[in-house]
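Per this note's numbering, the sequence shown starts with residue 128, numbered consecutively.
Glycine is no exception: its CB is placed at the ideal position from the N, C-alpha and C atoms.
Working notes, structure below.
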Amino acid sequence: AAVQRDLVVRPADLELRRPVMRRDLLRRLAESSGGRYFEIDEASAAPDLIEDRGESSVIRERPRPLWDNGYVFALLILLVTAEWIGRKRAKLL
Numbered sequence: 128a129a130v131q132r133d134l135v136v137r138p139a140d141l142e143l144r145r146p147v148m149r150r151d152l153l154r155r156l157a158e159s160s161g162g163r164y165f166e167i168d169e170a171s172a173a174p175d176l177i178e179d180r181g182e183s184s185v186i187r188e189r190p191r192p193l194w195d196n197g198y199v200f201a202l203l204i205l206l207v208t209a210e211w212i213g214r215k216r217a218k219l220l
């Protein structure tokens with residue numbers, strides 16, 4: 128006689144076991160990485176704490192699409208022509 132048993136497998140929902148905000152953990156995590164934890168009503172003060180490094184760079188060159196390059200167009204024509212010649216020689220056309 129064969130023994131049968133049902134087995135239900137579910138993903139572990141470890142994050143959902145205690146879905147409460149742990150401010151103490153957030154503060155320690157922020158401090159250990161050199162950051163700071165803000166309550167929601169203090170969040171507007173966060174941008175003022177970002178130090179100004181005085182460095183900025185402006186990229187004025189616009190990216191040129193690949194299709195605007197003449198070499199790419201010539202390569203494409205060359206490949207299509209080579210395929211056409213190959214098919215002609217193999218009598219596939």
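Expressed to the nearest angstrom, what Euclidean distance is found between the alpha-carbon atoms of V135 and V199? Spanning the two alpha carbons is a distance of roughly 57 Å.
From R150, I186, S160, R187, residue whose alpha carbon lies closest to that of I167: In terms of Cα proximity to I167, the closest of R150, I186, S160, R187 is R150.
Since S159 is in the alpha helix (DSSP H), which residue starts that stretch and which ends it? From DSSP, the alpha helix (DSSP H) with S159 extends over 150-159.
Excluding sequence positions up to five away, which residues of its chain have a Cβ less than 8 Å from the Cβ of A157? Only R163, Y164 meet the Cβ criterion.
Measuring alpha carbon to alpha carbon, tell me which of L202, A217, R214 ends up nearest L193. Closest option to L193, Cα to Cα, is L202.
Residue range of the alpha helix (DSSP H) that Y198 falls in? Per DSSP, Y198 belongs to the alpha helix (DSSP H) from 197-216.
Would a C-beta distance cut-off of 8 Å place R214 and L206 closer than the cut-off? In this structure, L206 does not lie closer than 8 Å to R214 by Cβ.
Distance cut-off 7 Å: Q131 Cβ against heavy atoms of the ligand FMN: Although the ligand FMN was asked about, the structure shown includes no ligands whatsoever.
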